[in-house]
Amino acid sequence: MSFHAKVLMVALWVAVVAGCKAKDDGSGAPTVSTAAASPQQAGAQQAADDAPPAEKTGGFDGKRAFAHVVKQVGFGPRPSGSAAIVQLQEYIQGELTSYGCKVDVDAFSADTPVGRLPMKNLVAKIPGDKPGIIMLATHYDTKRLGNFVGADDGGSSTGVMVELARLLCPRHSPYAVWIVFFDGEEAVKDWSETDSRYGSRQMAAKMGMSGELSKVKAFLLADIVGTRALRFKREENSTPELTDLVWKTATNLGYGAMFVNQPTGPIEDDHLSFKKRGVPVVDVIDLEIQATYWHTPQDTLDKISAKSLATTGHVFLESVKQLQSK
Ligand SMILES: [Zn+2]
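Each residue of the sequence shown is one higher than the one before, counting from 1 in the working numbering.
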């Protein structure tokens, strides 16, 4: 995603690029061993243990969601077109299929600043009785940076969506629910309209052509939802009514301290691809990491917690329930 606080972003970017260049062997191959016993690993273990019991979060199992993030990080850096992202695609598809989800795969190629790259959007489609689609979405690619494993940026929301699929795929659904895993959210080089959001732009365009786009009642995006001190502010490219629904749901569940009623400013993320085509959208994203580990090799498992994943998952589950009753 991209922030409009450009000055800070550029400063951070320069620091990140300067810090990464020396370690990047240029092959795109993983250079981080995530399996090594370390204080970081101990921190990650502690983070997995703090999950509330699933029955307190609507059945959403924070430990399972956390395990999906551990698995992703274990594949190493996962930029679009890499061997590691292919492993992740197979993992996500295998999990979804094992829950009984019907999975659609849209394989396409995108012209990027480093050439044409193969990409895949994965969609778990839960059929509904009534016309109308509720979309839940994440991106699963990670930013093309040396030693960047994206536990929070890419990993956390993907872990949440896999766990949501486990719960939602077997359920009877009044409206259809589509759980979408986008490839190519991250800019291959510098964020711009043409170098970013490859997967969501592809899907929104395709749904526009088929006529399915007009059936979408709501598009709920999760991105960077795992940080330990979770604090979501209202994102200003989001549709206010849909933001109200999610924030009110969170407050009613007792998460008012994490879903605060302050603006973030507008953020560019996958929801824009749908907003630009008239779909009501909301981006649930924690911006506070911008000042700390965002797009740095420090975005590791010890930064996130199963409790934060469970909070996000619970709010998404209950928000779907609210939307289903409308
Ligand atoms: Zn990112």
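For each residue, glycine too, the CB sits at the ideal point set by N, CA and C. Here the structure is a predicted model, which is why all the values come from computation and not from measurement.
Alpha-carbon to alpha-carbon, residue j and residue i
{"i": "S2", "j": "Q298", "result": "19 angstroms"}
{"i": "A84", "j": "G76", "result": "7 angstroms"}
{"i": "G81", "j": "R228", "result": "30 angstroms"}
{"i": "S200", "j": "A257", "result": "31 angstroms"}
{"i": "A250", "j": "D244", "result": "10 angstroms"}
{"i": "L221", "j": "L242", "result": "11 angstroms"}
{"i": "K307", "j": "G58", "result": "13 angstroms"}
{"i": "A51", "j": "Q72", "result": "19 angstroms"}
{"i": "K276", "j": "L88", "result": "29 angstroms"}
{"i": "S196", "j": "V188", "result": "7 angstroms"}
{"i": "A35", "j": "D141", "result": "Reliability of the predicted coordinates at A35 is poor, the pLDDT of 46 falling under 50, and the value obtained from them is presented with this limitation in mind. Going from the Cα of A35 to the Cα of D141 covers about 21 angstroms."}
{"i": "V320", "j": "Y91", "result": "25 angstroms"}
{"i": "S214", "j": "I134", "result": "12 angstroms"}
{"i": "N121", "j": "F181", "result": "6 angstroms"}
{"i": "A65", "j": "E163", "result": "6 angstroms"}
{"i": "A54", "j": "H314", "result": "9 angstroms"}
{"i": "D153", "j": "D286", "result": "10 angstroms"}
{"i": "E318", "j": "K248", "result": "11 angstroms"}
{"i": "Y175", "j": "S192", "result": "34 angstroms"}
{"i": "V284", "j": "S325", "result": "21 angstroms"}
{"i": "L145", "j": "R78", "result": "10 angstroms"}
{"i": "V281", "j": "H271", "result": "6 angstroms"}
{"i": "Q322", "j": "E185", "result": "28 angstroms"}
{"i": "I304", "j": "G132", "result": "34 angstroms"}
{"i": "D190", "j": "D129", "result": "43 angstroms"}
{"i": "V86", "j": "F108", "result": "14 angstroms"}
{"i": "S238", "j": "L136", "result": "14 angstroms"}
{"i": "V216", "j": "F274", "result": "10 angstroms"}
{"i": "M209", "j": "Q202", "result": "11 angstroms"}
Opposing strand residues paired with residue i [DSSP bridges]
{"i": "D223", "result": "I285"}
{"i": "A107", "result": "K120"}
{"i": "P127", "result": "In DSSP, P127 forms no bridge with anything."}
{"i": "T112", "result": "G115"}
{"i": "A137", "result": "V180 and L221"}
{"i": "E55", "result": "Bridge partners of E55: none, in fact."}
Continuous alpha helix (DSSP H) stretch holding residue i: start and end
{"i": "W247", "result": "P240 to N252"}
{"i": "T97", "result": "A83 to S98"}
{"i": "Q262", "result": "Not the alpha helix (DSSP H): Q262 falls in the beta strand (DSSP E), residues F259 to G265."}
{"i": "Q322", "result": "A306 to Q324"}
{"i": "S214", "result": "Taken as a continuous stretch (DSSP letters only), S214 belongs to no alpha helix (DSSP H), as it is neither H nor E."}
{"i": "G62", "result": "G62 to G74"}
{"i": "L301", "result": "Unbroken run through L301: none, as it is neither H nor E."}
{"i": "S80", "result": "That residue, S80, is in no alpha helix (DSSP H); it is neither H nor E in DSSP."}
{"i": "K275", "result": "H271 to K275"}
For residue i, the first and last residue of its enclosing beta strand (DSSP E)
{"i": "R234", "result": "F232 to E235"}
Rounded Cβ spacing between residue i and residue j (contact assumed at less than 8 angstroms)
{"i": "T312", "j": "V225", "result": "4 angstroms"}
{"i": "G74", "j": "L309", "result": "Not really, about 17 angstroms apart at Cβ, beyond 8 angstroms."}
{"i": "V105", "j": "W178", "result": "V105 to W178, Cβ: 13 angstroms. No contact."}
{"i": "V103", "j": "T97", "result": "6 angstroms"}
{"i": "F219", "j": "V279", "result": "5 angstroms"}
{"i": "T264", "j": "R234", "result": "7 angstroms"}
{"i": "D223", "j": "H139", "result": "7 angstroms"}
Would you list, in sequence order, the uninterrupted beta strand (DSSP E) runs of no fewer than 3 residues that lie entirely inside the stretch 139 to 211? 175 to 182
Which residues count as close to ligand 2 when the rule is a CB under 6 angstroms from any of its heavy atoms, in chain order? Here the bound small molecules are ligand 1; ligand 2 is not part of this structure.
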